[in-house]
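Trainee:
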Amino acid sequence: MSKAMVLVGTRKGLFILESDGDRRDWNVRGPYCEGWPIYHAVHDAETGAIYAAAASEWHGASVWRSNDLGETWEQSSEGLSYDDGTQKLSKVSGLTVAHGRILAGAENAGIFESRDGAKTWSVLSTLEGMPGRENWNDPANQPPGHLGLPAVLPHPDDASRFWAVVQGIGIFETTDDGKSFTPRNKGLRADWPLEDPTVGYCVHKLVMSPVDNQRLYQQNHVGMHRSDDMGNQWVEITEGLPTEFGFAAAAHPHDRDTFYVIPLDPGHGRTMPDGKAAVWRTRDAGSTWQRLDRGLPQQDAHLGVLREGMAIDREDTPGLYFGTSTGQVFASTDEGDSWDEIASYLPAISSVEVTVTA
Numbered sequence: 038m039s040k041a042m043v044l045v046g047t048r049k050g051l052f053i054l055e056s057d058g059d060r061r062d063w064n065v066r067g068p069y070c071e072g073w074p075i076y077h078a079v080h081d082a083e084t085g086a087i088y089a090a091a092a093s094e095w096h097g098a099s100v101w102r103s104n105d106l107g108e109t110w111e112q113s114s115e116g117l118s119y120d121d122g123t124q125k126l127s128k129v130s131g132l133t134v135a136h137g138r139i140l141a142g143a144e145n146a147g148i149f150e151s152r153d154g155a156k157t158w159s160v161l162s163t164l165e166g167m168p169g170r171e172n173w174n175d176p177a178n179q180p181p182g183h184l185g186l187p188a189v190l191p192h193p194d195d196a197s198r199f200w201a202v203v204q205g206i207g208i209f210e211t212t213d214d215g216k217s218f219t220p221r222n223k224g225l226r227a228d229w230p231l232e233d234p235t236v237g238y239c240v241h242k243l244v245m246s247p248v249d250n251q252r253l254y255q256q257n258h259v260g261m262h263r264s265d266d267m268g269n270q271w272v273e274i275t276e277g278l279p280t281e282f283g284f285a286a287a288a289h290p291h292d293r294d295t296f297y298v299i300p301l302d303p304g305h306g307r308t309m310p311d312g313k314a315a316v317w318r319t320r321d322a323g324s325t326w327q328r329l330d331r332g333l334p335q336q337d338a339h340l341g342v343l344r345e346g347m348a349i350d351r352e353d354t355p356g357l358y359f360g361t362s363t364g365q366v367f368a369s370t371d372e373g374d375s376w377d378e379i380a381s382y383l384p385a386i387s388s389v390e391v392t393v394t395a
């Protein structure tokens, strides 16, 4: 029988939620990684390994790994540094497993790779040559939350092609494995002055439709956007949502036009509007939106969800999962129509990823 496994990265270690194939009853294991703050954790379906990006104020940045689904762990920071001394690596923000390697997005902005199961790392790119790159590390130019590279989106068929998101700067695509990049921000909106219209956009989350690689979605600081040509051109699809701001997003595994997002109050609180929890779904690529809140708290629910805080599995009827800044994990087994709370009282949640194993 298949088993669903949800990896929950928190400010106090990694937790693993497990259920059988019906995804109804869940057990919680953890915390793991010795209680380090975990910013993102992923599962490698090919090898079975789990990798967790961590950063400690005392010990710096590191990546934990487990080859036995969390029973035992090792960690390594070998190679996780900028050797030229021009910038400091304060944390690993996001991990991507694809094409036999692991890519790590770091703060300050850079991409590291490992080809030996996260035992050793090397710098793949710092996006030199991009517009304004020489000023990215100037403290005066740092966006709120610092400037980092929180996410890498791989092409499923081409190992040399991927997209990188740089906080407060935008999306960049490479087709030669990081040797060169091209900004992919045409059509995005910025509610602030731009010195160069090709960069300066605050992209929070970027996802690709698993059934149509041309179709990309993003949650931006100022709006939801869709691309039908792999990011060369973007159109805004915010109309119908309660706010234009949010972090987390997920693409349906079987339908290119279905997409999920969690709008948040764009002010300093950055929680779900009016204290009422909801996920929003489009089934027509953003032309219309539907509020999904059955089973979610609708009073005094001032919940926040970060950029890696929502995930979707690839079952025939996909399950959705999201974790909150106050330690709850919610799950839906009917594509978001209804929800259950499957974990409570965890530390503040940074990331949620799901995998289904045999």
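The sequence shown runs 38 to 395 under my numbering.
The beta carbon of each residue, even a glycine, is placed where N, CA and C say it ideally should be.
Can you tell me where the beta strand (DSSP E) holding Arg320 begins and where it ends?
Mentor: By one-based count along the sequence shown, residue 320 stands at place 283. Neither: Arg320 is in no beta strand (DSSP E) and is coded neither H nor E.
Trainee: Buried or exposed: which applies to Trp158, given that a residue is buried once 16 or more other Cβ atoms fall within 10 Å of its Cβ?
Mentor: In the sequence shown, the residue the question calls residue 158 occupies position 121. That one is buried.
Trainee: Return the CA-CA distance between Asp81 and Pro187, expressed in angstroms with no decimal places.
Mentor: The residue you call residue 81 lines up with position 44 of the sequence shown. The residue you call residue 187 lines up with position 150 of the sequence shown. Cα to Cα, Asp81 sits roughly 19 Å from Pro187.
Trainee: Would you please state the rounded distance, in angstroms, between the beta carbons of Trp200 and Leu190? I believe it to be under 8 Å.
Mentor: Looking up residue 200 in the sequence shown gives position 163. Looking up residue 190 in the sequence shown gives position 153. The Cβ separation is near 4 Å, so the contact holds.
Trainee: Going by Cα to Cα distance, which pick from Tyr88, Val129, Gly107 is closest to Glu94?
Mentor: Here residue 94 is taken as the residue at index 57 of the sequence shown, counted from 1. Per the Cα distances, Val129.
Trainee: Can you tell me where the beta strand (DSSP E) holding Gln255 begins and where it ends?
Mentor: As a first step, residue 255 is located in the sequence shown; it is residue number 218 there, counting from the start. Segment 249-257, the beta strand (DSSP E) holding Gln255.
Trainee: Which of helix, strand or coil does DSSP assign to Arg102?
Mentor: Here residue 102 corresponds to residue number 65 of the sequence shown, with the count starting at 1. The answer is strand: DSSP assigns Arg102 an E or B state.
Trainee: Considering only the alpha carbon of each residue, which of Pro193, Gln270, Gln251 lies closest to Leu225?
Mentor: Here the question's residue 225 lines up with position 188 in the sequence shown. If we check each option's Cα against that of Leu225, Gln270 comes out closest.
Trainee: When you compare each of Phe218, Trp173, Thr361 to His339 by their alpha carbons, which one comes out closest?
Mentor: The sequence position of residue 339 within the sequence shown is 302, counting from 1. Checked all of Phe218, Trp173, Thr361; the closest Cα to His339 is Thr361.
Trainee: Considering only the alpha carbon of each residue, which of Cys239, Pro193, Lys216, Gly283 lies closest to Gln251?
Mentor: Within the sequence shown, residue 251 is the residue found at index 214, counting from 1. The shortest C-alpha separation from Gln251 is found at Pro193.
Trainee: Less than 7 Å between the beta carbons of Trp110 and Ala91, yes or no?
Mentor: Here the question's residue 110 lines up with position 73 in the sequence shown. Here the question's residue 91 lines up with position 54 in the sequence shown. In this structure, Ala91 does not lie closer than 7 Å to Trp110 by Cβ.
Trainee: Sort out for me which residues DSSP pairs Phe149 with in a bridge.
Mentor: By 1-based counting over the sequence shown, the position of residue 149 is 112. Partner(s): Ala141, Val160.
Trainee: Have a look at Ala155 and Leu161 and give me their C-alpha separation to the nearest angstrom.
Mentor: Locating residue 155 in the sequence shown gives position 118, counting from the first residue. Locating residue 161 in the sequence shown gives position 124, counting from the first residue. When rounded, the distance between both Cα atoms is 14 Å.
Trainee: What are the start and end residues of the beta strand (DSSP E) that includes Ser15?
Mentor: Residue 15 lies beyond the stretch modelled for the chain, which goes from 38 to 395, so this question has no answer here.
Trainee: Between the beta-carbon of Ala98 and the beta-carbon of Leu126, is there less than 7 Å?
Mentor: Taking the sequence shown and counting its residues from 1, the one referred to as residue 98 is at position 61. Taking the sequence shown and counting its residues from 1, the one referred to as residue 126 is at position 89. It is a contact, given that the beta carbons lie within the stated cut-off.
Trainee: Do Gly364 and Leu383 have their C-beta atoms closer together than 7 Å?
Mentor: Taking the sequence shown and counting its residues from 1, one reaches residue 364 at position 327. Taking the sequence shown and counting its residues from 1, one reaches residue 383 at position 346. Yes.
Trainee: Hey, Ser113 and Val100 are a contact pair by Cβ (cut 8 Å); roughly how many whole angstroms apart?
Mentor: Against the sequence shown, residue 113 aligns to sequence position 76. Against the sequence shown, residue 100 aligns to sequence position 63. Their Cβ separation, rounded to whole angstroms, is 6 Å, which keeps Ser113 and Val100 in contact under 8 Å.
Trainee: To the nearest angstrom, how far is it from the Cα of Gln124 to the Cα of Arg320?
Mentor: Taking the first residue of the sequence shown as position 1, residue 124 is located at position 87. Taking the first residue of the sequence shown as position 1, residue 320 is located at position 283. If I take the Cα positions, the gap works out to 43 Å.
Trainee: Taking 7 Å as the cut-off, decide whether the C-beta atoms of Arg331 and Ser375 are in contact.
Mentor: By one-based count along the sequence shown, residue 331 stands at place 294. By one-based count along the sequence shown, residue 375 stands at place 338. Yes, these two residues count as a Cβ contact at 7 Å.
Trainee: Report yes if the C-beta distance between Ala385 and Met347 is below 7 Å; otherwise report no.
Mentor: Position 348 of the sequence shown holds residue 385. Position 310 of the sequence shown holds residue 347. Taking 7 Å as the cut-off, the beta carbon of Ala385 is found no closer than this to the beta carbon of Met347.
Trainee: When you compare only the Cα positions, how much space is there between Lys313 and Trp229?
Mentor: In the sequence shown, residue 313 corresponds to position 276, counting from 1. In the sequence shown, residue 229 corresponds to position 192, counting from 1. When rounded, the distance between both Cα atoms is 30 Å.
Trainee: Can you tell me whether DSSP reads Pro176 as helix, strand or coil?
Mentor: Position 139 of the sequence shown, counted from the start, is the residue given in the question as residue 176. Judged by DSSP in its simplified three-state form, Pro176 adopts helix.
Trainee: Could you check where the beta strand (DSSP E) with Lys128 kicks off and where it finishes?
Mentor: Sequence index remark: in the sequence shown, residue 128 carries index 91 (1-based). Residues 128-135.
Trainee: Locate the beta strand (DSSP E) running through Pro384, then write down its first and last residues.
Mentor: Counting from one through the sequence shown, the residue named residue 384 turns up at place 347. First-last for Pro384: undefined, no H or E at that position.
Trainee: How is the beta strand (DSSP E) around Leu190 delimited, first residue to last?
Mentor: As a first step, residue 190 must be located in the sequence shown, where it is residue number 153. 188-191 is the span of the beta strand (DSSP E), which, as asked, contains Leu190.
Trainee: Could you please give the first and the last residue of the uninterrupted beta strand (DSSP E) stretch that includes Lys40?
Mentor: Here the question's residue 40 lines up with position 3 in the sequence shown. Counting along the chain, the beta strand (DSSP E) containing Lys40 begins and ends at 40-47.
Trainee: Quick one: using the 10 Å Cβ neighbour count with 16 as the cut-off for buried, is Ala177 buried or exposed?
Mentor: Against the sequence shown, residue 177 aligns to sequence position 140. When all chains shown are included, Ala177 counts as exposed.
Trainee: The beta strand (DSSP E) that contains Ala201, what's its start and end?
Mentor: Here the question's residue 201 lines up with position 164 in the sequence shown. For Ala201, the uninterrupted beta strand (DSSP E) run begins and ends at 199-203, by DSSP.
Trainee: Is it the case that the Cβ atoms of Gly207 and Tyr254 are separated by a distance below 7 Å?
Mentor: Taking the first residue of the sequence shown as 1, we reach residue 207 at position 170. Taking the first residue of the sequence shown as 1, we reach residue 254 at position 217. Cβ distance not < 7 Å, so Gly207 and Tyr254 don't count as in contact.
Trainee: Taking Val236 as the reference, which of Gly306, Asp266, Gly205, Ile379 has the closest Cα?
Mentor: Looking up residue 236 in the sequence shown gives position 199. Among Gly306, Asp266, Gly205, Ile379, the Cα nearest to that of Val236 is on Gly205.
Trainee: Is it true that the CB of Gly283 sits closer than 7 Å to the CB of Val259?
Mentor: Within the sequence shown, the letter at position 222 stands for residue 259. Within the sequence shown, the letter at position 246 stands for residue 283. No, they are not a contact pair.
Trainee: If you check the beta carbons only, do Arg69 and Gly131 fall under 7 Å apart?
Mentor: Translated into positions along the sequence shown, residue 69 becomes position 32. Translated into positions along the sequence shown, residue 131 becomes position 94. Note that residue 69 is Tyr in the sequence shown here, rather than Arg. No; because the gap between Cβ atoms is not below 7 Å, this pair is not in contact.
Trainee: How would you write the range of the beta strand (DSSP E) that Gln327 sits in, first residue to last?
Mentor: Against the sequence shown, residue 327 aligns to sequence position 290. Unbroken beta strand (DSSP E) run through Gln327: 327-329.
Trainee: So, using beta-carbon positions, are Arg221 and Gly169 closer together than 7 Å?
Mentor: Here residue 221 refers to the residue found at position 184 of the sequence shown. Here residue 169 refers to the residue found at position 132 of the sequence shown. Going by C-beta atoms, Arg221 is not nearer than 7 Å to Gly169.
Trainee: Measuring alpha carbon to alpha carbon, tell me which of Pro300, Ser246, Asp292, Pro234 ends up nearest Asn257.
Mentor: In the sequence shown, the residue the question calls residue 257 occupies position 220. Per the Cα distances, Pro300.
Trainee: Mind checking who Lys242 pairs with in its DSSP beta bridge?
Mentor: For the purposes of this step, residue 242 is taken as the residue at position 205 of the sequence shown. For Lys242, which the question treats as bridged, DSSP gives the partners Gln256.
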